[in-house]
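Enquirer: Here it is, the structure in full.
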Amino acid sequence: MNNIDITKDEILAVFPKVAETVADAIGCEVEKVKLESSLIDDLGAESIDFVDILFRLQRLFKVKIPRGKIVEEARGNLTEAEFEKGGIVSDTGGVRLRAFLSEVPPERFKSPLKVADIPRLFTVETFCKLVIRQQRAAAAAPVIPPA
Amino acid sequence: MRGHFRAFSFVDRIASVEGALSVRGHYAIPTEVEVFPASLVSEAVGQLAAWAAMAAVDFSHRPVAGIAGKIELLSPVRPGQVLDLVVELESVDKEAVGYSGSAHAGGVPVIRLSDCVGPMLPVEDFDDPQLVRDRFHLLRADGLPPGGFGGLPLIGVDHYGGEWGDSTQAVLQVPMGAPFFDDHFPRRHVFPGTLLMHGNLQIAAILAAEVSSVAAEGAWVPRVVSDVKLRTFISPGEALDLKATRTRLSETELEVTVESRIGPRLIGSAKILFVREVSS
Numbered sequence: 001m002n003n004i005d006i007t008k009d010e011i012l013a014v015f016p017k018v019a020e021t022v023a024d025a026i027g028c029e030v031e032k033v034k035l036e037s038s039l040i041d042d043l044g045a046e047s048i049d050f051v052d053i054l055f056r057l058q059r060l061f062k063v064k065i066p067r068g069k070i071v072e073e074a075r076g077n078l079t080e081a082e083f084e085k086g087g088i089v090s091d092t093g094g095v096r097l098r099a100f101l102s103e104v105p106p107e108r109f110k111s112p113l114k115v116a117d118i119p120r121l122f123t124v125e126t127f128c129k130l131v132i133r134q135q136r137a138a139a140a141a142p143v144i145p146p147a
Numbered sequence: 148m149r150g151h152f153r154a155f156s157f158v159d160r161i162a163s164v165e166g167a168l169s170v171r172g173h174y175a176i177p178t179e180v181e182v183f184p185a186s187l188v189s190e191a192v193g194q195l196a197a198w199a200a201m202a203a204v205d206f207s208h209r210p211v212a213g214i215a216g217k218i219e220l221l222s223p224v225r226p227g228q229v230l231d232l233v234v235e236l237e238s239v240d241k242e243a244v245g246y247s248g249s250a251h252a253g254g255v256p257v258i259r260l261s262d263c264v265g266p267m268l269p270v271e272d273f274d275d276p277q278l279v280r281d282r283f284h285l286l287r288a289d290g291l292p293p294g295g296f297g298g299l300p301l302i303g304v305d306h307y308g309g310e311w312g313d314s315t316q317a318v319l320q321v322p323m324g325a326p327f328f329d330d331h332f333p334r335r336h337v338f339p340g341t342l343l344m345h346g347n348l349q350i351a352a353i354l355a356a357e358v359s360s361v362a363a364e365g366a367w368v369p370r371v372v373s374d375v376k377l378r379t380f381i382s383p384g385e386a387l388d389l390k391a392t393r394t395r396l397s398e399t400e401l402e403v404t405v406e407s408r409i410g411p412r413l414i415g416s417a418k419i420l421f422v423r424e425v426s427s
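In structure tokens form, the structure reads like this:
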């Protein structure tokens with residue numbers, strides 16, 4: 001699943017609810033939550049807030065969002081060994097990450113980049129795209145009729 | 148370790164597990180304790196959820212207190228009553244468990260928890276995984292006789308000031324040692340989040356007593372604790388600065404926000420909704 005064909009209109013359609021969810025989870029005014037806001041560096045989110053946000057988005061949009069989904073999708077068909085070594089994102093992994101997180105300004109991608117620091121890159125738009133991808137996945141899933 | 152599985156354990160039996168996501172259990176409140184506050188009823192529901200979550204991941208991980216969307220305080224309980232506990236797991240994996248649950252006593256609803264989330268961490272960081280597994284099977288089989296919990300520990304909450312009717316502040320001193328640490332947890336002593344919730348209710352009640360309203364009849368009764376979040380573990384000996392602030396007031400409802408800090412760091416927060424009730 002990639003972000004290439006996600007349109008700005010789609011992002012803006014989910015943004016108000018995502019922004020309100022982020023604001024409620026972090027405990028800040030919704031006016032502070034912009035599409036380009038970094039959850040950690042701009043809004044002060046901690047790891048418990050990420051867990052909170054994912055569960056709230058699941059309930060609100062009625063989609064499943066497994067933890068680690070963003071990094072898993074950024075990695076795509078790269079193996080873990082190709083994506084990172086010793087907790088540091090590889091050059092190949094970095095290219096893939098920058099392409100996937102196209103909403104993040106290039107200067108925010110530090111080198112070397114620790115895998116543990118990837119969440120520092122996430123913005124509100126990152127989560128808008130996550131919701132859209134999960135909505136599309138749910139819509140495309142085959143419906144299994146009851147036995 | 149005397150307190151292990153006794154001093155702060157509030158599930159006597161796991162009666163049924165349906166499809167790994169719906170669990171029922173019981174806890175008999177010891178007759179000898181003076182009180183059994185709502186925070187410990189909440190703990191009982193949370194512990195049943197923890198057992199279900201641990202079983203779902205084959206006891207590799209266990210949840211820790213994190214988030215409670217809403218805790219409805221429906222009615223008090225008395226020593227000697229049996230709590231009928233029900234938990235529904237929304238989802239569970241090695242990262243986190245989402246759940247809701249409730250407790251009844253004698254058919255009367257006591258507490259309802261919604262939108263709770265517990266981050267999952269390796270069991271071995273907190274307890275012996277085999278002992279935990281064995282305990283689960285015991286609870287699923289014959290269960291345990293009542294007793295073990297010796298009563299609410301004395302936790303100092305020193306109220307020291309604020310702005311009358313608007314805010315109030317207190318220090319909650321976490322003891323260096325207490326029986327409940329043997330149980331919560333043997334390999335890592337952590338101050339239970341529900342005991343912080345109890346402290347929050349205490350300081351919020353102090354502020355509520357200061358708040359007057361146009362209709363002066365009746366008393367403020369806490370009915371909902373919401374937006375509960377615990378951001379880090381609280382260790383023995385920590386001094387927590389609690390601040391309760393009035394955030395909304397009407398003739399019939401009072402909302403208080405409580406923040407808990409260690410130094411400048413925010414470590415917990417919750418909102419408490421009081422309603423004005425006239426005793427008959």
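Chains A and B supply the protein sequences, listed in that same order. Residue numbering for the first sequence is 1 to 147, as defined by my numbering. Residue numbering for the second sequence is 148 to 427, as defined by my numbering. Even for Gly, the Cβ is constructed at its ideal location relative to N, Cα and C.
1) In its own chain, which residues sit with a C-beta less than 6 Å from the C-beta of B/ARG395, not counting the 5 before and 5 after it?
2) Do you know how far the Cα of B/VAL224 is from the Cα of B/GLU242?
3) Pick from A/ARG136, A/GLU103 and A/CYS128: whose alpha carbon is nearest that of A/LEU121?
4) Could you name the residues of the same chain whose beta carbon sits closer than 8 Å to that of A/LYS129, not counting the 5 residues immediately before and after it, in chain order?
5) Can you list, in chain order, the residues of its chain whose CB lies under 7 Å from that of A/GLU29, leaving out five sequence neighbours each side?
6) Going by the beta-carbon positions, is the gap between B/LEU115 and B/ALA391 smaller than 9 Å?
7) Quick one: does A/PRO119 have its CB under 9 Å from some CB of chain B?
8) Which residues in chain A sit within 7 Å of B/VAL264, going by Cβ to Cβ distance?
9) Measure the alpha-carbon distance for A/GLU31 versus A/VAL131 and round it to whole angstroms.
10) Relative to the C-alpha of A/LYS64, which residue among A/ALA74, A/ARG133 and A/PRO112 is closest?
11) Mind listing the chain A neighbours of B/SER416? Cutoff is C-beta to C-beta under 9 Å, in chain order.
12) Please list, in chain order, all residues of the same chain as B/LEU413 whose beta carbon is under 7 Å from its beta carbon, the five residues on each side excluded.
13) Which two residues bound the contiguous beta strand (DSSP E) that contains B/MET267?
14) According to the Cβ coordinates, are B/LEU168 and B/ALA199 closer than 9 Å?
15) Report yes or no: is there a C-beta of chain A within less than 9 Å of the C-beta of B/VAL361?
16) Could you give the first and the last residue of the continuous alpha helix (DSSP H) run that contains A/LYS17?
17) Whose CA, out of B/LEU187, B/GLY213, B/VAL229 and B/VAL358, lies closest to the CA of A/PHE55?
18) Once you ignore the five residues that flank B/PRO210 on each side, which residues in its own chain have a CB closer than 6 Å to its CB?
19) By Cβ distance below 8 Å, which residues in the same chain neighbour B/ILE111 in space, the five residues on each side in sequence not counted?
20) Within the chosen definition, does the stretch 273–286 of chain B reach the stretch 173–185 of chain B through at least 3 CB pairs nearer than 8 Å?
21) Thinking C-alpha only, which one of A/ALA25, A/GLU82 and A/GLU36 is nearest A/LYS8?
22) Taking 9 Å as the cut-off, decide whether the C-beta atoms of A/LEU39 and A/THR123 are in contact.
23) By Cβ distance below 7 Å, which residues in the same chain neighbour B/PHE432 in space, the five residues on each side in sequence not counted?
24) B/ALA154 and B/PRO292 - do their beta-carbons sit closer together than 9 Å?
25) Please state if the CB of B/ILE350 and the CB of B/ALA386 are separated by a distance shorter than 9 Å.
26) By how many angstroms is the C-alpha of B/VAL358 removed from the C-alpha of A/ALA138?
27) Taking just the CA atoms, how far does B/TRP367 sit from B/VAL361?
28) Report the residues of the stretch 76–103 of chain A with a CB closer than 9 Å to any CB of chain B, ordered along the chain.
29) So if I threshold CB-CB distances at 8 Å, which residues from the stretch 195–219 of chain B count as touching chain A?
30) Given that a residue counts as buried once 16 or more other Cβ atoms are within 10 Å of its Cβ, and exposed if not, what is B/ARG423?
31) Quick one: Cα of B/GLU165 to Cα of A/ASP49, how far?
32) Give, in chain order, every unbroken run of the beta strand (DSSP E) that is at least 3 residues long and sits entirely within the stretch 85–144 of chain A.
33) Under the assumption that B/SER189 contacts B/LEU260 (Cβ atoms under 8 Å), give the Cβ distance between them as a whole number of angstroms.
34) Between A/ASP24 and chain B, is the shortest Cβ-Cβ distance under 9 Å, so that the two count as touching?
35) Determine whether the Cβ of A/GLN58 lies closer than 9 Å to any Cβ atom of chain B.
36) Sort A/LYS17, A/LEU101, A/LYS110 and A/PRO112 by Cα distance to A/GLN58 and report the nearest one.
Expert: If we stick to the structure as given:
1) Within the second sequence, the letter at position 248 stands for residue 395 of chain B. Its chain contains GLU402 as the residues whose beta carbon lies nearer than 6 Å to that of B/ARG395, once the 5 sequence neighbours on both sides are disregarded; these appear in chain order.
2) Counting from one through the second sequence, the residue named residue 242 of chain B turns up at place 95. Counting from one through the second sequence, the residue named residue 224 of chain B turns up at place 77. Distance between the alpha carbons of B/GLU242 and B/VAL224: 34 Å.
3) Within the first sequence, residue 121 of chain A is the residue found at index 121, counting from 1. Selected option, being the one with the closest Cα: A/GLU103.
4) As a working note, residue 129 of chain A is residue 129 in the first sequence. ASN3, ILE6, ILE11 and GLU103, listed in sequence order.
5) As a position in the first sequence, residue 29 of chain A is number 29, starting the count at 1. Hits under 7 Å: ALA23.
6) Past the edges of chain B, shown from 148 to 427, lies residue 115 of chain B, and the structure says nothing about it.
7) The residue labelled residue 119 of chain A in the question sits at position 119 within the first sequence. No, A/PRO119 lies away from the interface with chain B (no Cβ there is under 9 Å from its Cβ).
8) As a first step, residue 264 of chain B must be located in the second sequence, where it is residue number 117. By Cβ distance, chain A contributes VAL51, ASP52 and PHE55.
9) If you number the first sequence from 1, residue 31 of chain A lands on position 31. If you number the first sequence from 1, residue 131 of chain A lands on position 131. Whole-angstrom Cα-Cα distance: 21 Å.
10) The residue labelled residue 64 of chain A in the question sits at position 64 within the first sequence. For the residues A/ALA74, A/ARG133 and A/PRO112, the minimum Cα distance to A/LYS64 belongs to A/ARG133.
11) Your numbering for residue 416 of chain B matches position 269 in the second sequence. Within chain A, the residues near B/SER416 are GLY27.
12) For the purposes of this step, residue 413 of chain B is identified with residue 266 of the second sequence, where counting begins at 1. For B/LEU413, where only same-chain residues beyond five positions count, the Cβ hits under 7 Å are ARG378 and GLU406.
13) The residue you call residue 267 of chain B lines up with position 120 of the second sequence. Unbroken beta strand (DSSP E) run through B/MET267: 255–269.
14) On the second sequence, position 21 is the one that residue 168 of chain B refers to. On the second sequence, position 52 is the one that residue 199 of chain B refers to. Yes, these two residues count as a Cβ contact at 9 Å.
15) Taking the second sequence and counting its residues from 1, the one referred to as residue 361 of chain B is at position 214. Low per-residue confidence applies at B/VAL361: pLDDT is 48, beneath 50, and the placement is therefore not dependable, though the value from the model is reported in the following sentence. Chain A, which has no Cβ nearer than 9 Å to the Cβ of B/VAL361, makes this no.
16) Within the first sequence, residue 17 of chain A is the residue found at index 17, counting from 1. That run of the alpha helix (DSSP H) goes 8–26.
17) Mapped onto the first sequence, residue 55 of chain A falls at position 55. Ranking B/LEU187, B/GLY213, B/VAL229 and B/VAL358 by Cα distance to A/PHE55 puts B/GLY213 first.
18) As a position in the second sequence, residue 210 of chain B is number 63, starting the count at 1. Cβ within range, chain order: ALA197, ALA200, VAL244, GLY265 and MET267.
19) For residue 111 of chain B there is no data in the structure shown, the boundaries of chain B being 148 and 427.
20) no
21) Numbered from 1 along the first sequence, position 8 holds the residue referred to as residue 8 of chain A. Here the closest residue by C-alpha is A/GLU36.
22) What you label residue 39 of chain A is simply residue 39 of the first sequence in a count that begins at 1. What you label residue 123 of chain A is simply residue 123 of the first sequence in a count that begins at 1. Result yes, Cβ atoms of A/LEU39 and A/THR123 sit closer than 9 Å.
23) With chain B covering only 148 through 427, there is no way to say anything about residue 432 of chain B.
24) Translated into the one-based positions of the second sequence, residue 292 of chain B becomes position 145. Translated into the one-based positions of the second sequence, residue 154 of chain B becomes position 7. The criterion of a C-beta distance shorter than 9 Å is not satisfied by B/PRO292 and B/ALA154.
25) If you number the second sequence from 1, residue 386 of chain B lands on position 239. If you number the second sequence from 1, residue 350 of chain B lands on position 203. Their beta carbons are not under 9 Å apart, which means B/ALA386 does not touch B/ILE350 by this criterion.
26) For the purposes of this step, residue 138 of chain A is taken as residue 138 along the first sequence, with counting starting at 1. For the purposes of this step, residue 358 of chain B is taken as residue 211 along the second sequence, with counting starting at 1. C-alpha separation (whole angstroms): 49 Å.
27) Working through the second sequence from its first residue, we reach residue 361 of chain B at position 214. Working through the second sequence from its first residue, we reach residue 367 of chain B at position 220. Reliability fails at B/VAL361, whose pLDDT of 48 lies under 50, so the model's placement of it is uncertain and the value that follows must be treated cautiously. Approximately 13 Å between the Cα atoms of the pair.
28) For the stretch 76–103 of chain A, there are no residues whose beta carbon sits under 9 Å from a beta carbon of chain B.
29) GLY213 and ILE214
30) In the second sequence, counting from the first residue as 1, residue 423 of chain B sits at position 276. It counts as buried.
31) For the purposes of this step, residue 165 of chain B is taken as the residue at position 18 of the second sequence. For the purposes of this step, residue 49 of chain A is taken as the residue at position 49 of the first sequence. A direct Cα-Cα distance of roughly 30 Å separates B/GLU165 from A/ASP49.
32) none
33) As a working note, residue 189 of chain B is residue 42 in the second sequence. As a working note, residue 260 of chain B is residue 113 in the second sequence. Sure, about 6 Å apart at Cβ, within 8 Å.
34) The residue given as residue 24 of chain A occupies position 24 in the first sequence. Closer than 9 Å to some Cβ of chain B, the Cβ of A/ASP24 qualifies, so yes.
35) Position 58 of the first sequence, counted from the first residue, corresponds to residue 58 of chain A. With 9 Å as the cut-off, A/GLN58 counts as an interface residue toward chain B.
36) As a first step, residue 58 of chain A is located in the first sequence; it is residue number 58 there, counting from the start. Taking only the C-alpha atoms, the option nearest A/GLN58 is A/LYS17.
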